[in-house]
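Read the structure below first, then the notes.
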Amino acid sequence: MKSDTIINTAEQNNSLNHTDELIPIEKEKVVLVGNPNVGKSCVFNYLSGMYVDVSNFPGTTISITKCEYKNRLVYDTPGIYGVSSFNDEEKVAKEIILSADRIINVVNALHLERDLFLTLQLIDMGKKVSVLLNFSDELKRRKIKIDSDKLSELLGVEVIETSAVNKTGLDKLEFAMDNAKVGNQQLDLHFMLQQLVEKNVSQSEALLILEGDDETAEKNNLPLGTPDDRERIYVSRRNRVNEIVAEVEYEDSKKGEIFNLLGRLSLNPLTGIPILAVMLFIVYLFIGDFVSQQIVDFTENTIGRDLFEYNVKSFVGNYSPVDINVEIFDEEENLVSSKNFSFSEGMDSQVELKNEFKTFSTQDGAVSDFNFTNPIVRLFFGEFGVITMTTTYLLFLLLPLVLSFYFVMAMLEDSGYLPRLATMLDRSLNKIGLNGRAVIPIMLGFGCVTMANITTRILGTEREKSIVTAILQFVIPCSAQLAVITVLLSRAGSLPLIIFITVISSVLIILSTTLNKMLPGESSPLLIDLPIMRFPRMDNVLKKTYFRAIGFMKEASFWFFIGALGVGLMEITGLLQIWQNSLAPLTTSWLKLPKEAANAFVMGMVRRDFGAAGLFDLQLTTMQITVAIITITLFVPCIASFVVMLKERGWKEGITVWIGTWFTAFFIGGLVAQIII
Amino acid sequence: MHLIFSENALKQIVKRIRMGNSTLDKVKRGKSVTIVTLPAGKMKAQFIRLGISEGDTIFCSERLPGGTIVLKKNRQEIAVGYDLAKKIIVFLQR
Chain Z
271 MKSDTIINTA
281 EQNNSLNHTD
291 ELIPIEKEKV
301 VLVGNPNVGK
311 SCVFNYLSGM
321 YVDVSNFPGT
331 TISITKCEYK
341 NRLVYDTPGI
351 YGVSSFNDEE
361 KVAKEIILSA
371 DRIINVVNAL
381 HLERDLFLTL
391 QLIDMGKKVS
401 VLLNFSDELK
411 RRKIKIDSDK
421 LSELLGVEVI
431 ETSAVNKTGL
441 DKLEFAMDNA
451 KVGNQQLDLH
461 FMLQQLVEKN
471 VSQSEALLIL
481 EGDDETAEKN
491 NLPLGTPDDR
501 ERIYVSRRNR
511 VNEIVAEVEY
521 EDSKKGEIFN
531 LLGRLSLNPL
541 TGIPILAVML
551 FIVYLFIGDF
561 VSQQIVDFTE
571 NTIGRDLFEY
581 NVKSFVGNYS
591 PVDINVEIFD
601 EEENLVSSKN
611 FSFSEGMDSQ
621 VELKNEFKTF
631 STQDGAVSDF
641 NFTNPIVRLF
651 FGEFGVITMT
661 TTYLLFLLLP
671 LVLSFYFVMA
681 MLEDSGYLPR
691 LATMLDRSLN
701 KIGLNGRAVI
711 PIMLGFGCVT
721 MANITTRILG
731 TEREKSIVTA
741 ILQFVIPCSA
751 QLAVITVLLS
761 RAGSLPLIIF
771 ITVISSVLII
781 LSTTLNKMLP
791 GESSPLLIDL
801 PIMRFPRMDN
811 VLKKTYFRAI
821 GFMKEASFWF
831 FIGALGVGLM
841 EITGLLQIWQ
851 NSLAPLTTSW
861 LKLPKEAANA
871 FVMGMVRRDF
881 GAAGLFDLQL
891 TTMQITVAII
901 TITLFVPCIA
911 SFVVMLKERG
921 WKEGITVWIG
931 TWFTAFFIGG
941 LVAQIII
Chain V
1442 MHLIFSENAL
1452 KQIVKRIRMG
1462 NSTLDKVKRG
1472 KSVTIVTLPA
1482 GKMKAQFIRL
1492 GISEGDTIFC
1502 SERLPGGTIV
1512 LKKNRQEIAV
1522 GYDLAKKIIV
1532 FLQR
């Protein structure tokens, strides 16, 4: 009877109405909850197959995945150590948990002591819970025994042994959902909560209020529990967990203790830095060499330029006046011959010449350059054509790169390496006013700066967020830009690479030390859980990669088209010429680059890699390439990251950083140019 | 004046008293400590969630150059930054 009342009030206080708009209310909401790295997403993947609905949680950018499973709605939540509002993940998870009808709590059997804290908190909330004891196959290997019947008896809920990796026990998921029940709560706490429940608050919210969650207290207009309340509840819950673990877990021998050599070695700088170097080298071989050279060469040139653009352009050329210049290159990229075809009324009106062009331009090594006379046609199908260039860049240059970057990031995340890297680099990052955690947004920045700007939220203080945001906009090149830079640098040789790295790291050090000195306040210290290192689970990695790449393409495509349209319009209206001329003194005498390099800076404001890619077509000397790359790396963030930065950090800070990048890029770039050119 | 303890013995006693209560940043790799006081507030809550509360005896599995401490309790490992470690009062186990 009691549990019914509690559940009903929980429904009245349902705070997730916004995500439910399209769904009939009768459907039960089952929520998967667990600590980070417990295999929660494996369980979710098992339930969902490929049919999942990914959406951003309102007001945040944390994505929520949900799916339908046999007339129930199943929600995945971010990994958390407890329910409260310590960070964004927790806030999101808390909202979903509060609105849940049933909870499947996924527990890592190897980390019972840590994970049962959350389990007991969920039970104390009065929720209907079932526990999945995941990784139970690993227990045998590590010579640990867990008496799951006893555990079930002590918790008062169903405990099901599973192994999400080889999918054993997952067939009992439905049983777990059907039989989720209110567990054994701590009696004195329960009675304390009932006093609040009488004031028409759900038991779950009552617990959070007593534990000092200000958001929940504010929502219900009730006074917050004191810090002492929270501590008392937390300590007694911790003691209960320890007692339960002592009763249900037996370790056969100490020899079975986890031997985590790689994990240990990657912590200590002595061995950890070589491991980091090897890892980065492998990543470079994979992305810098294999994907950005071989794969992209094939997709961009063979598919994009020779197949897609050639056919689209010649199709349009049938009906529109066009001037085509065809150049034939041999295998060493030397020009063998070239020919000019002029169709003053479109190719269809000059069939003989058209056939000649077709034969000439379909030889091996032929590159055709279409010059449409009509400005509107040029806008869509020309050199910066909104349809031609953008499609090639998006699908045949960016997509393979973005996929490979997200793949690497997901591998690193899933392996448990990142927290160790954070630990190893903690002291070095302390020197620039950050803690080890900051390595995560910075690493992500090499994938996508826009995404990394959002991830700065995991940092403890505003001060740290400001420092990392500035570092990201000033010095970190995103994957797309990095790829273009890699290609340009690999053509240029090793000296430019050394100059590039030296200059960029000097800027990084000067910038971050200055900010650390200038910004008031103190940074937060490191406290991080080190999960056991393991080989990444491929299905998990691939799924993550897929969803993130899709998300990125959705977001990026729009700005690409806008950027191409903008530059195209500037070209046909003559604005591009004016821009080039006005920047010319800066580009030609200060940066010592050809004045067309100014195009790269227009494009660079839209998307950074667009800017870098604009350098491809210019005939630059090795040292000019070096200067151009340095300048474009330090130059303003793309429009998408600019907008996100404004949203995250406010107008004042955002604009300051943006203007700062203009100044730094041209100042440093020019300085280098004056020295090396 | 007659000394009850020899000078050497006195030094030992003072040393022991000093050694008794220390801060976590002083712990050596491979030694154990008993946590006496954790810094109040969210930090303490987070420690308790991760399985470490006042009174627990914990093994220091790694002490990185610079002073970042890695603590181990059963199978749970957590890293504690140097500045945080300085604020945690511990009893060094011999």
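Residue numbers (our numbering), protein chains in the order written: chain Z, 271 to 947; chain V, 1442 to 1535. For each residue, glycine too, the CB sits at the ideal point set by N, CA and C.
At 8 Å on the CB atoms, spell out the chain Z contacts of residue 1464(V), in chain order.
Proximity of chain Z to residue 1464(V) at the Cβ level (cut-off 8 Å) is not reached, the minimal Cβ distance being about 13 Å.
Consult DSSP for residue 417(Z) and reduce its assignment to one of helix, strand or coil.
Looking at residue 417(Z) - three-state DSSP - the assignment turns out to be coil, as it is neither helix nor strand.
Under 9 Å between beta-carbons, which chain V residues line up against residue 505(Z)? List them in chain order, please.
1489, 1494 and 1495
Per the contact definition of three or more C-beta pairs closer than 8 Å, is the region 828-836 of chain Z in contact with the region 803-816 of chain Z?
Touching, no.
Where residue 595(Z) sits in the DSSP three-state scheme
For residue 595(Z), the secondary structure class from DSSP, reduced to helix, strand or coil, is strand.
Chain-ordered chain V contacts of residue 352(Z) [CB-CB under 9 Å]:
By Cβ distance, chain V contributes 1486, 1487, 1489 and 1490.
Compute the Euclidean distance between the alpha carbons of residue 582(Z) and residue 592(Z), then round it to the nearest angstrom.
13 Å
Between which two residues does the alpha helix (DSSP H) harbouring residue 502(Z) extend?
497-518
Would the beta-carbon of residue 483(Z) fall within 7 Å of that of residue 354(Z)?
yes
Might you give, ordered along the chain, the residues of its own chain that have their beta carbon closer than 6 Å to the beta carbon of residue 607(Z), omitting 5 neighbours on each side?
598
Taking 7 Å as the cut-off, decide whether the C-beta atoms of residue 477(Z) and residue 549(Z) are in contact.
Taking 7 Å as the cut-off, the Cβ atoms of residue 477(Z) and residue 549(Z) do not count as close.
Take residue 610(Z) and list the residues in its own chain whose beta-carbon comes closer than 6 Å to its own, dropping the five residues that flank it on each side.
595
Which residues in chain Z have a C-beta closer than 7 Å to the C-beta of residue 1483(V)? List them in chain order.
356
For residue 1504(V), which three-state DSSP category applies?
strand
With burial defined as no fewer than 16 other Cβ atoms inside 10 Å of the residue's Cβ, what is the status of residue 547(Z): buried or exposed?
exposed
Against chain V, with Cβ distances strictly below 7 Å, would residue 383(Z) count as a contact?
yes
Comparing the C-beta of residue 1507(V) with each C-beta of chain Z, is any distance below 7 Å?
For residue 1507(V), the answer is yes, since a Cβ of chain Z falls inside 7 Å of its Cβ.
Who does residue 1517(V) pair with in a DSSP beta bridge?
Answer is 1514(V), bridged to residue 1517(V).
List in chain order: all unbroken alpha helix (DSSP H) runs of 4+ residues lying wholly within the region 410-470 of chain Z.
418-425, 443-448 and 457-467
Which listed residue (361(Z), 919(Z), 514(Z) and 305(Z)) has its alpha carbon closest to that of residue 732(Z):
Among 361(Z), 919(Z), 514(Z) and 305(Z), the Cα nearest to that of residue 732(Z) is on 919(Z).
Could you check which residue in 1468(V), 1486(V), 1478(V) and 1507(V) has the C-alpha nearest to that of residue 1497(V)?
1478(V)
Are the C-beta atoms of residue 405(Z) and some chain V residue less than 7 Å apart?
no
Mind checking which residues open and close the alpha helix (DSSP H) that includes residue 317(Z)?
310-318
Determine whether the Cβ of residue 1448(V) lies closer than 7 Å to any Cβ atom of chain Z.
no
Which same chain residues, not among the five before or five after residue 525(Z), have their C-beta less than 6 Å away from its C-beta?
Reliability of the predicted coordinates at residue 525(Z) is poor, the pLDDT of 48 falling under 50, and the value obtained from them is presented with this limitation in mind. Cβ neighbours of residue 525(Z) beyond the five flanking positions: none.
Going by alpha carbons, who is nearest to residue 472(Z) out of 622(Z), 377(Z) and 489(Z)?
489(Z)
Let me know the secondary structure DSSP gives residue 526(Z) once reduced to three states.
A caution first: residue 526(Z) carries a pLDDT of 41, below 50, which makes its placement in the model too unreliable to give a value.
Just to confirm, is the Cβ distance from residue 715(Z) to residue 737(Z) under 7 Å?
With a cutoff of 7 Å on beta-carbon distance, residue 715(Z) and residue 737(Z) are scored as not near each other.
Residue 588(Z) and residue 634(Z) closer than 7 Å at C-beta:
no
Helix or strand or just coil, what does DSSP make of residue 639(Z)?
In the structure shown, residue 639(Z) sits in a strand (DSSP, three-state: E or B).
Under 8 Å Cβ-Cβ, which residues of chain V neighbour residue 367(Z)?
Here the premise fails: no neighbours, minimum Cβ distance about 15 Å.
Residue 1525(V) CB to nearest chain Z CB: under 7 Å?
yes
Buried or exposed for residue 341(Z), please, with buried defined as at least 16 other CB atoms from any protein chain shown within 10 angstroms of its CB.
Exposed is the call here.
Does residue 1531(V) come within less than 7 Å of chain Z when only Cβ atoms are used?
no
Neighbourhood of residue 1530(V) by C-beta distance below 7 Å, restricted to the same chain and skipping five residues each side
Around residue 1530(V): 1462, 1464, 1477 and 1478.
When we look at the beta-carbon of residue 507(Z) and count the other beta-carbons within 10 Å, is it buried (16 or more) or exposed?
buried
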